[in-house]
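Trainee: Okay, handing you the structure first.
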Amino acid sequence: MQYGKLVEFYEELGKTTKRLEKTHIISELLKQTPAEDLPVIMLLLEGRLFPSYDAREIGVASRIILKAISAASGIEAGRIEKEWKKTGDLGLVAENLIKAKKQATLHSQELTVKKVFLNLRKLAELEGSGTVERKIQLISELLTSAKPKEAKYIVRTILQVLRVGVGSGSVRDAIVWAFFSGEINLRYNKEENSMEIGNREEYKRHIDAVQKAFDATNDFALVAEAAKTKGLSGLNSIGLLVGIPIKVMLALKVDTAEEGFERVGKPAELEFKYDGFRIQAHKKNNEIKLFTRRLENVTNQFPDVAEYIKKHVKGKEFIIDSEAVGYSNKTGRYLPFQSISQRIKRKYDIEKMSKEFPVELNVFDIIYHDGKNYLNEPFESRRKLLEGIVSQEKKKIVLAKSLIASNAKEVKKFYEEAIKLGNEGLMLKALNAPYKPGARVGYMVKYKPAKETFDLAIIAAEWGEGKRAKWLSSYTIACTDNGNFLEIGKASTGLKEKDEEGLSFNQMTKLLKPLTLSEKGKEVAVKPSIVIEVGYEEIQKSPTYSSGFALRFPRVIKLRDDKGPEDATTLAMIKDCYNKQKK
Ligand code: AMP
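Quick note on my numbering: the sequence shown kicks off at 36 and runs consecutively.
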């Protein structure tokens, strides 16, 4: 297929915002695409060179494209840059400049979809010295052969901004329109932009089949090919492919244990809700691949996790679902997600990062194991299977901590245990439920009661010990009551040891020291001036603090430098929250 033909469809798509019309245009494109070009078209249609789960990237900066346009058009880079500033779209710049040049030389060569695709893919594979020059050369070669409009879309594809507005919902529907229009008896009226479906039931059946195949593979190329060559039975037989990520099952939120049981039934499995990030791990041919919740490939960033899985999970081929949680090298305690999030995008010093920011893998589900698809097996059996195949080792790989429960009291107790260990809350899971990829169905719910946070004034602080001796590291926090400051607890959790990690002890010390009123031993009384936002798990009555209340597990969320001490939360408000919480 000629690239110019695809470009005509891009142009058509860019002209409309109507979903039905877009679907119709895409379906026409799919009908006209020869089978051998279908996989490439499915990617280029969404402006991709690789499916979403493929870790390869084009890696071409605007500057490089600018130089390539310059090489192809013979116009110096400075002028191109000016044009670029005017429109903000290098694609348009390429179109206009190539147009001017073409009029002068009348030279152009037919570009096929395949040629463009393969050349662009080469960009992602280049490595080592001379890479930049080679990239400029590859792009300018394409641009030299391209017609003006083709140049526009080549540049936009490289920059990953196609600007034609193709959503995955339209692609899904278009596959049905293109390959099953007879079965569903579909008629589209272009003038009125309306659609008539003769057989609604069949339509739904086909849409569901395409969606299911896509949820399992995340690859429209595979799905469209199956639909075109093997029909509905082809779609239905697209199973899981180990090595290609499947959409993860999502959770609903509940505020109370009762609501949770209503959703998932009784008894239910409770699990700790870890504050890490999701990892879907695949093993095939003794190779591990790791994907995030958004199905990005993060295998290279987590060699430690891959190693644990290789060593500790039995089976030749499998797909497991889990949460990777950071923990402190020093205290062993779980750390919040932010403290390890930098590992996800990291490209270098991987070894060092895995030592500095170690993670523990908490496995909670399994989707496929040695030839058997477990999507439709009840959760209870999936968990049993996991118990049989994972040999647990703390701080490396363990099963999510779980408990079968059927009343609110058990939930509360387990929840407290979870929170104490630094987790976010609990998950409640239906014992008999299948694994539903990509869906926020009520088969698992998260239970992390939302709490209001308080803005509290710091009225005293304490010098730390050992490594923290140089910092004021624990803060007495207070609410206000008619101009008085009343203590409600001491907080230090949430602060960082390094400035670059967020609000740090060092920063707080610098803010508080000048406010010193008096010092007694390690205790320093300070003038109420600094306000911090504090989260907590519960408000309790307290005989020790002057407010009469204490916050359980207080944690510093952030500095409220937009607030003065007079704006701190009032005692009345705290009483109110306490009473609400008792209900
Ligand atoms: P949320 O991100 O708030 O919608 O909560 C759902 C997320 O919690 C999942 O996507 C997982 O990343 C995470 N999670 C932590 N622990 C578990 C667990 N035991 N079971 C399922 N998901 C968990």
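Glycine residues also receive a C-beta, built at the ideal position from the N, C-alpha and C atoms. Model, not experiment: these values are computed from the prediction.
Give a yes or no on contact between the stretch 548–559 and the stretch 581–596, applying the rule of three or more CB pairs nearer than 8 Å.
Mentor: With the cut-off at 8 Å, the stretch 548–559 and the stretch 581–596 do not touch.
Trainee: Please tell me whether, using a cut-off of 6 Å, the distance from the CB of A468 to the nearest non-hydrogen atom of the ligand AMP is below it.
Mentor: A468 Cβ: outside cutoff for every heavy atom of the ligand AMP.
Trainee: Measuring straight from C-alpha to C-alpha, what distance separates L141 and V167?
Mentor: For L141, the predicted structure reports a pLDDT of 49, less than 50, and the residue's modelled location is therefore unreliable. A value from the coordinates is still provided. Approximately 29 Å, taken between the alpha carbons.
Trainee: If you compare alpha carbons, which of G460, A492, R595 is closest to D310?
Mentor: D310 has its Cα closest to that of G460, out of G460, A492, R595.
Trainee: Rounded to whole angstroms, what's the CA-CA distance from E218 to E43? Just pull it up for me.
Mentor: Computed Cα separation, rounded: 28 Å.
Trainee: Taking the runs of the beta strand (DSSP E) that are 3 residues or longer, which of them lie wholly in the stretch 469–551?
Mentor: Fully enclosed beta strand (DSSP E) runs of 3 or longer: 479–482, 489–498, 507–516, 519–526.
Trainee: Terminal residues of the continuous beta strand (DSSP E) containing M284?
Mentor: Premise fails: M284 is in no beta strand (DSSP E) and is neither H nor E.
Trainee: What first and last residue would you give for the beta strand (DSSP E) that runs through Y223?
Mentor: 221–224 is the extent of the beta strand (DSSP E) around Y223.
Trainee: For L466, does the three-state DSSP call read helix, strand or coil?
Mentor: Of the three classes helix, strand and coil, the one that applies to L466 here is coil, per DSSP.
Trainee: Please classify G126: is it buried, with 16 or more other beta-carbons within 10 angstroms of its beta-carbon, or exposed?
Mentor: Classification for G126: buried.
Trainee: CB-CB under 8 Å to R368, same chain, minus the five flanking residues each way: which ones, in chain order?
Mentor: Cβ neighbours of R368 beyond the five flanking positions: Y362, L456, G457.
Trainee: Buried or exposed for I439, please, with buried defined as at least 16 other CB atoms from any protein chain shown within 10 angstroms of its CB.
Mentor: Looking at its Cβ environment, which holds fewer than 16 other Cβ atoms inside 10 Å, I439 is exposed.
Trainee: Going by beta carbon distance, what residues of the same chain come within less than 7 Å of S62, once the five residues before and after it are set aside?
Mentor: Closer than 7 Å at the Cβ level, and outside the excluded window around S62, lie A209, W212, A213.
Trainee: If distances are taken between C-alpha atoms only, which option among L132, I609, S164 comes closest to T179?
Mentor: Checking every option, the nearest Cα to that of T179 belongs to L132.
Trainee: Tell me whether S508 is buried or exposed, calling it buried when 16 or more other Cβ atoms sit within 10 Å of its Cβ.
Mentor: Label assigned to S508: buried.
Trainee: Does DSSP put T605 in a helix, a strand or coil?
Mentor: In this structure, T605 counts as strand in the three-state DSSP scheme.
Trainee: Does the distance from the CB of Y223 to the CB of H59 come in under 7 Å?
Mentor: Closer than 7 Å, so yes.
Trainee: Alpha carbons only, please: which of I432, D243, E130, F489 is nearest the one belonging to D339?
Mentor: It is I432.
Trainee: Quick one: Cα of M388 to Cα of E145, how far?
Mentor: Answer to the nearest angstrom: the Cα atoms are 49 Å apart.
Trainee: Can you name the start and end residues of the alpha helix (DSSP H) that R240 belongs to?
Mentor: It spans 235–252 - the alpha helix (DSSP H) in which R240 sits, taken as one unbroken run.
Trainee: Give the secondary structure of I279 by DSSP, where H, G and I count as helix, E and B as strand, and everything else as coil.
Mentor: Of the three classes helix, strand and coil, the one that applies to I279 here is coil, per DSSP.
Trainee: Between V277 and K346, what straight-line distance do the alpha-carbon atoms span, to the nearest angstrom?
Mentor: Going by the C-alpha atoms only, they are around 18 Å apart.
Trainee: Which partner residues does S437 have in the DSSP bridge list?
Mentor: Looking at the DSSP assignment, S437 forms a beta bridge with E306.
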